[in-house]
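S.K.: Numbering (our numbering), first residue to last: 104 to 303.
The beta carbon of each residue, even a glycine, is placed where N, CA and C say it ideally should be.
This structure is in structure tokens; I'll ask about it shortly.
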Ligand code: GAR
């Protein structure tokens, strides 16, 4: 089935390397005319974020968020690009209320563990995988969830599980989980965009 056109306008907010952003762009590109979303804006609280460089390399608008707590400014930026759906991909700042309210149900995050476990303030990157290993978990994975005003609390949209192997280090587990993120997030965003397009 061909996706409805035009594609849903997707913004990605990222603070780091941007490997999830890349997976999203590549997946939507590979879908061609069936893609239900298009990345129209990448924004970061860090000027040196790899995600911004990846966006510029693909001629996608790339912007530094001067004050991540300024909800009105962020909403203005998103409005200027007529953003319909927002994906946080390694974005380490709390999204202000103005934005979570306006884009309620249309803003999601990827977390590198199986929520509701191993989430919340301070739980990002290596710390998540250290905590999973320290707790003796047999499984970890990636979670896509709706974003509200608290870290990692919104409704779960999708999960992919991976095993925790004996002898895993935080780095080896992180790499396995990141592989799951790169499979799960682009497909989930395509599905969300399809649902959004058909509900419009
Ligand atoms: C990803 O593993 C993502 O799940 C994590 O940051 C990494 C970003 O990688 N996010 C969090 O920990 C948020 N709580 P990337 O910049 O290469 O996509």
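1. Is it buried or exposed for residue 109, if we count other Cβ within 10 angstroms and need 16 for buried?
2. Under a Cβ-count criterion, where at least 16 other Cβ atoms within 10 Å of its own Cβ denotes burial, should residue 157 be classed as buried or exposed?
3. Which first and last residues belong to the alpha helix (DSSP H) in which residue 207 is found?
4. So, using beta-carbon positions, are residue 210 and residue 114 closer together than 7 Å?
5. Any heavy atom of ligand 1 closer than 6 Å to the Cβ of residue 285?
6. According to DSSP, simplified to helix, strand and coil, what is residue 106?
7. Would you report the Cα separation of residue 288 and residue 260, rounded to the nearest angstrom?
8. In whole angstroms, what separates the C-alpha of residue 218 from that of residue 159?
9. Can you list, in chain order, the residues of its chain whose CB lies under 7 Å from that of residue 227, leaving out five sequence neighbours each side?
M.R.: From the atom records:
1. The residue in question, residue 109, is exposed, as its Cβ has fewer than 16 Cβ neighbours within 10 Å.
2. buried
3. Counting along the chain, residue 207 falls outside any alpha helix (DSSP H), and DSSP gives it neither H nor E.
4. no
5. Checking the Cβ of residue 285 against ligand 1 gives no.
6. Confidence at residue 106 is low in this model, with a pLDDT of 47, below 50, so the placement of that residue should be treated as unreliable; the coordinate-derived value is given next. Coil, per DSSP.
7. 10 Å
8. 32 Å
9. The beta carbon of residue 227 lies closer than 7 Å to those of 195 in the same chain, with the five residues before and after it left out.
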